[in-house]
Amino acid sequence: MGAAFVAPLVFVALLASAAGCGGSSSSDSSSAASAASTAARGTLGAGDVARAGDVRLPASLVGAAAGRLSLAPAAALDALIGDALLAQAARAQHLESRGDIAAELVAARAQQTVRAMRERTVEVGPPTDAEVAELTALHWQEMDLPEQVHVIHAVALHPEHPDPASIAKAKAVANALEQAVAGATSKEDFEARAKAVPHDGVDVRVEELPNFIEDGRLSAGEGAMDDSFSRGAFAVRVGATSPVVESSFGWHVIRMLERLPAVHASLEERRRAFTPEARAMRGRKGMDTLLADLHARAHIEISPAVDALLTEALTGGKQP
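Here the sequence shown stands for residues 0 to 319, where the numbers follow numbering that gives the first Met the number 0.
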């Protein structure tokens with residue numbers, strides 16, 4: 000264990016007790032040794048296993064260090080005693096006044112605050128209904144997905160330089176698209192019929208689109224459809240084709256390929272799934288609140304020459 004540190008102290012205490020007692024009986028010697036042992040441990044507080052100078056080493060700390068570092072308890076105690084002694088040596092040499100060490104101490108204290116706040120987020124318990132609702136809104140695609148649709152469409156795009164004549168021509172092409180695909184029997188048939196329509200300089204696109212929900216948001220990934228397009232699509236039954244629908248992009252004809260059912264995880268399923276993220280969210284919010292309060296109460300002064308000073312520090316005084 001910590002024999003290098005502990006044994007000499009015990010040995011000295013026993014020698015002192017023997018010298019003070021002279022030719023005492025073995026019973027007296029035993030009592031004196033017991034008293035010396037009690038005196039040696041007299042500075043330890045309840046639950047402490049050791050003290051190194053002014054540093055208490057409670058059993059809980061040794062146990063935590065052993066678990067964290069995968070050490071036997073005796074080895075963990077040795078390591079903690081070594082740390083305590085080295086820390087006292089650093090204080091004796093006033094090393095904490097050095098800029099780099101002072102910065103490390105500040106960072107260590109800040110990390111302790113973060114860790115304490117993280118522990119408090121666990122103590123609060125499982126995610127509340129409000130936290131589950133907030134996280135569900137962020138993860139709706141995985142946990143609260145409404146009905147989705149899968150469509151193919153043909154669109155006559157708005158003219159790049161619109162005027163009455165070019166707009167009329169684009170609308171006429173859209174009407175021709177509607178008539179051409181009206182009897183389509185499949186996705187492939189719709190696509191072939193739409194692409195066969197003459198469009199006389201009007202920009203026409205025929206494409207299958209990713210699934211989306213009624214408000215236009217895509218059911219996977221980011222992005223959204225135009226509101227008017229989404230409303231027009233959701234009004235069409237499976238296997239049918241819409242009339243011409245105008246959007247901010249142009250005039251569309253939409254064929255409904257498939258409607259996919261909603262997928263909703265239960266409240267308790269979401270609560271379990273969101274537990275780690277809810278705790279992290281509590282920690283972020285708590286830290287933001289704490290920092291805002293600390294900023295409001297602290298006097299923070301930044302040099303007007305901050306840019307020049309930082310540039311000099313980063314470049315070692317050399318011109319960039």
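Beta carbons: idealized from backbone N, C-alpha and C, even for Gly.
None of these values were measured; they are calculated from a predicted model.
Asked: Beta carbon of ILE253 nearer than 8 Å to that of VAL150; Found: yes
Asked: Span separating the alpha-carbon of PRO72 from that of ALA291; Found: 41 Å
Asked: Exposure label - HIS152; buried when at least 16 CB within 10 Å; Found: buried
Asked: Within the stretch 105-168, ranges of the alpha helix (DSSP H) (whole runs, at least 4 residues); Found: 128-137 and 139-142
Asked: Residues sharing a beta bridge with ILE253, DSSP; Found: HIS152
Asked: Exposure label - GLN147; buried when at least 16 CB within 10 Å; Found: buried
Asked: VAL244 and VAL201 closer than 8 Å at C-beta; Found: no
Asked: Inter-stretch contact (C-beta, 8 Å, three-pair minimum) for the stretch 273-285 and the stretch 104-120; Found: yes
Asked: For PHE211, three-class secondary structure by DSSP; Found: strand
Asked: Contact the stretch 251-269 vs the stretch 138-147: 3+ CB pairs below 8 Å; Found: yes
Asked: PRO57 and GLY46 closer than 8 Å at C-beta; Found: yes
Asked: Top-ranked residue by Cα proximity to ARG114, from MET286, LEU293 and PRO303; Found: MET286
Asked: Given 8 Å, three or more beta-carbon pairs between the stretch 154-161 and the stretch 201-216; Found: yes
Asked: Chain-order list of residues whose beta-carbon lies under 7 Å from that of PHE233 (same chain, five-residue window excluded); Found: VAL148 and GLU213
Asked: ASP225 in three-state terms, based on DSSP; Found: coil
Asked: Three-state secondary structure assigned by DSSP to THR184; Found: coil
Asked: Delimiting residues of the beta strand (DSSP E) encompassing VAL48; Found: 47-51
Asked: Contacts around ALA91, its chain only, beta-carbon distance under 8 Å, and the 5 residues preceding and following it disregarded; Found: none
Asked: Own chain partners of LEU217 with C-beta closer than 6 Å, once the 5 adjacent residues on each side are dropped; Found: PRO209 and PHE211
Asked: Bridge partners - LEU56, DSSP secondary structure assignment; Found: ALA49
Asked: Coarse secondary structure for LEU43, derived from DSSP in three states; Found: coil
Asked: Any 3 or more C-beta pairs closer than 8 Å across the stretch 72-88 and the stretch 49-56; Found: yes
Asked: Whether ALA183 touches THR240 by CB criterion (8 Å); Found: yes
Asked: Sequence-distant residues of the same chain with beta carbon closer than 6 Å to MET224, five excluded per side; Found: PHE211 and GLY215
Asked: Of the residues HIS298, PRO275, LEU309 and ARG296, the one placed nearest VAL131, counting alpha carbons only; Found: PRO275
Asked: Cβ-based burial, MET93 [other Cβ within 10 Å; buried from 16]; Found: Here residue 93 is His; the residue named in the question, Met, does not match the sequence. It is exposed - the Cβ of HIS93 has fewer than 16 other Cβ atoms within 10 Å.
Asked: Residue closest to ALA167, alpha-carbon to alpha-carbon, out of PRO242, HIS294 and GLY249; Found: GLY249
Asked: Cβ-Cβ distance between LEU256 and LYS186 below 8 Å; Found: yes
Asked: Of the residues PRO125, LEU313, LEU68 and PRO242, the one placed nearest VAL180, counting alpha carbons only; Found: PRO242
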